[in-house]
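Student: Per this note's numbering, the very first residue in the sequence shown carries number 7; after that it's consecutive.
Beta carbons are placed, not taken as given, at the ideal position from N, Cα and C, and that holds for glycine.
One structure, as structure tokens, below. Some questions next.
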Amino acid sequence: MVDKQYLLNTKQMAQFVADGFLRFDELVPDEINRAACAEMEAGVPRGRAGAPLAELWTDAAVGQVVRLPSVQGIIHSLVGPDPLYDHHAVHTVDANHEHGQIWHADAIIDTRLHFDIQLFYFAHDTPREMGGTMFLPGSIYRRISESDVARYQNFLGQMPMVCKAGTVAVAHHGIWHCAQPNLTGRKRYMFKLRLNPTVRQKKLWNTDDIDDAEIPALLNANHRWYGNEVRLEVVNRIKLWRFLTGDENYDVSYWMSRLENAPENELRAA
Ligand SMILES: O=C(O)CCC(=O)C(=O)O
Ligand SMILES: [Fe+2]
């Protein structure tokens, strides 16, 4: 069981529901980062798809990363105590590689409210000239199929993972993202791990601040790239928030309640 101090809080969960990802800068100690860099160069052994994460990488540096209490806390808060290993990849961008990857989402074959997470671990410093995976905040509710959005180049508000060694991002599986050009003379590595929940994703985090006054504003964020459609986005976030909290009446302002008004009901005879 993860100690409560390592779990995400409700404000972080609201941020995740709005943006589709969270980042944790310099979370992993340098010693593990160095070992993980060497391991990524040599190749990280694959697990069996669907195996419990806890059974994997018992003596590997990437195993040490996922077993860090802070990483366990992130995982537990989003997909529960016993997630399954879906797959991992060591993503590289060669030195002096001037092309960016096309915008895409990784496999979105599951359109339920239940979601997988993907950890993005940057084991070495990743300055802007080296790229840093580009994320589009607020994109997770547009369930695109792989490269449907490949024709776009740049979005208002896109966010590159420019970071120091040991930084971890955790994203909903629907996040739009792409690798960036690497204009340095060094190869860029990034370790990505997808996990499936095995339990209902309801209040798995530290809910002490569940009534925090800032939560509606966090869920109401406007990422601007979708223009006036922010209203649709807020409704989608409220649906996920209800799913996560179990509070079927939760609303931000009057957005969902308006849809739940029932003008189809006929008046009963007096
Ligand atoms: O290398 C990266 O930064 C992202 C790679 C990626 O998302 C992919 O190939 O699916
Ligand atoms: Fe990807």
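Please go through the same chain and pick out, in chain order, the residues whose beta-carbon is closer than 6 Å to the beta-carbon of Q78, but skip the five residues on each side of it.
Tutor: One-based indexing of the sequence shown puts residue 78 at position 72. So the qualifying residues of the chain are V8.
Student: How about the region 122-129 and the region 191-210: do they share at least three Cβ pairs that are nearer than 8 Å?
Tutor: The region 122-129 vs the region 191-210: in contact.
Student: In the DSSP assignment, what are the bridge partners of P87?
Tutor: The residue given as residue 87 occupies position 81 in the sequence shown. For P87, which the question treats as bridged, DSSP gives no partner whatsoever.
Student: Which one of A66, I221, S151, T204 has the shortest CA to CA distance from M46?
Tutor: Within the sequence shown, numbered from 1, the residue matching residue 46 stands at position 40. Of the listed residues, the one whose Cα sits closest to M46 is A66.
Student: Just how far apart, CA to CA, sit M140 and A275?
Tutor: Translated into the one-based positions of the sequence shown, residue 140 becomes position 134. Translated into the one-based positions of the sequence shown, residue 275 becomes position 269. Rounded to the nearest angstrom, the two C-alpha atoms are 60 Å apart.
Student: Out of L273, T204, T213, which has the shortest C-alpha to C-alpha gap to A57?
Tutor: On the sequence shown, residue 57 is found 51 positions in, with the first residue counted as 1. Among L273, T204, T213, the Cα nearest to that of A57 belongs to T204.
Student: Could you check where the alpha helix (DSSP H) with A48 kicks off and where it finishes?
Tutor: Along the sequence shown, read from residue 1 onward, the residue named residue 48 stands at position 42. Unbroken alpha helix (DSSP H) run through A48: 36-48.
Student: Measuring from the CB of A185, is there a heavy atom of ligand 1 at a distance below 7 Å?
Tutor: Here the question's residue 185 lines up with position 179 in the sequence shown. The answer is yes for A185.
Student: Go ahead and label A42 buried or exposed: buried means 16 or more other beta carbons lie within 10 angstroms of its beta carbon, across all protein chains shown.
Tutor: For this step, residue 42 is matched to residue 36 along the sequence shown. By the 10 Å Cβ count, A42 comes out buried.
Student: According to DSSP, M136 sits in a beta bridge with which residue or residues?
Tutor: The residue labelled residue 136 in the question sits at position 130 within the sequence shown. DSSP output for M136 lists no bridge partner at all.
Student: What is the residue span of the alpha helix (DSSP H) that F249 lies within?
Tutor: To locate residue 249, count along the sequence shown from 1; it is residue 243. Start and end: 236-251.
Student: The alpha helix (DSSP H) with K17 in it runs from where to where?
Tutor: Start at 1 with the first residue of the sequence shown, and residue 17 comes out as number 11. Its alpha helix (DSSP H) spans residues 16-25.
Student: So, do the region 87-104 and the region 143-156 have three or more beta carbon pairs nearer to each other than 8 Å?
Tutor: No contact exists between the region 87-104 and the region 143-156.
Student: Which word fits H82, buried or exposed, when buried means at least 16 other C-beta atoms lie within 10 angstroms of its C-beta?
Tutor: Taking the first residue of the sequence shown as position 1, residue 82 is located at position 76. Burial call: buried.
Student: Residues in the same chain with beta-carbon distance under 7 Å from D31, minus the five sequence neighbours each way, listed in chain order, please.
Tutor: Reading the sequence shown from its first residue, position 25 is the one you call residue 31. Correct list, in chain order: C169, K170, T173.
Student: On the criterion of 16 or more Cβ atoms from any shown chain inside 10 Å, does E272 qualify as buried, or is it exposed?
Tutor: Taking the sequence shown and counting its residues from 1, the one referred to as residue 272 is at position 266. E272 is exposed by the Cβ-count criterion.
Student: For R194, count the other beta carbons within 10 Å of its own beta carbon; 16 or more makes it buried, fewer makes it exposed. Which is it?
Tutor: Here residue 194 corresponds to residue number 188 of the sequence shown, with the count starting at 1. So R194 counts as buried.
Student: At a cut of 8 Å, does the region 103-110 reach the region 184-194 through at least three beta carbon pairs?
Tutor: In short, these stretches touch, since the Cβ pair count reaches three.
Student: Which of the three DSSP states is assigned to M262 in this structure?
Tutor: Position 256 of the sequence shown, counted from the start, is the residue given in the question as residue 262. Note: M262 maps to helix in three-state DSSP.
Student: For L224 versus Q21, is the C-beta distance shorter than 8 Å?
Tutor: To locate residue 224, count along the sequence shown from 1; it is residue 218. To locate residue 21, count along the sequence shown from 1; it is residue 15. In contact: L224 and Q21 (Cβ atoms closer than 8 Å).
Student: Whole angstroms is fine: what's the gap from T190's alpha carbon to A24's?
Tutor: Position 184 of the sequence shown, counted from the start, is the residue given in the question as residue 190. Position 18 of the sequence shown, counted from the start, is the residue given in the question as residue 24. Straight-line Cα distance between these residues: approximately 33 Å.
Student: I need the DSSP call for K198, collapsed to helix, strand or coil.
Tutor: Counted from its first residue, the sequence shown places residue 198 at position 192. Residue state, collapsed to three classes: strand.
Student: In angstroms, rounded to a whole number, what distance separates the CA positions of L210 and K10?
Tutor: Locating residue 210 in the sequence shown gives position 204, where the first residue counts as 1. Locating residue 10 in the sequence shown gives position 4, where the first residue counts as 1. For L210 and K10, the distance between alpha carbons rounds to 10 Å.
Student: Anyone know if the C-beta pair for V34 and V68 falls short of 8 Å?
Tutor: Along the sequence shown, one-based indexing puts residue 34 at 28. Along the sequence shown, one-based indexing puts residue 68 at 62. Taking 8 Å as the Cβ cut-off, V34 and V68 do not qualify as a contacting pair.
Student: Grab me the residues of E152's own chain with a C-beta within less than 7 Å of its C-beta, minus the 5 sequence neighbours each way, in chain order.
Tutor: Here residue 152 refers to the residue found at position 146 when the sequence shown is read from its first residue. Cβ neighbours of E152 beyond the five flanking positions: H110, A111.
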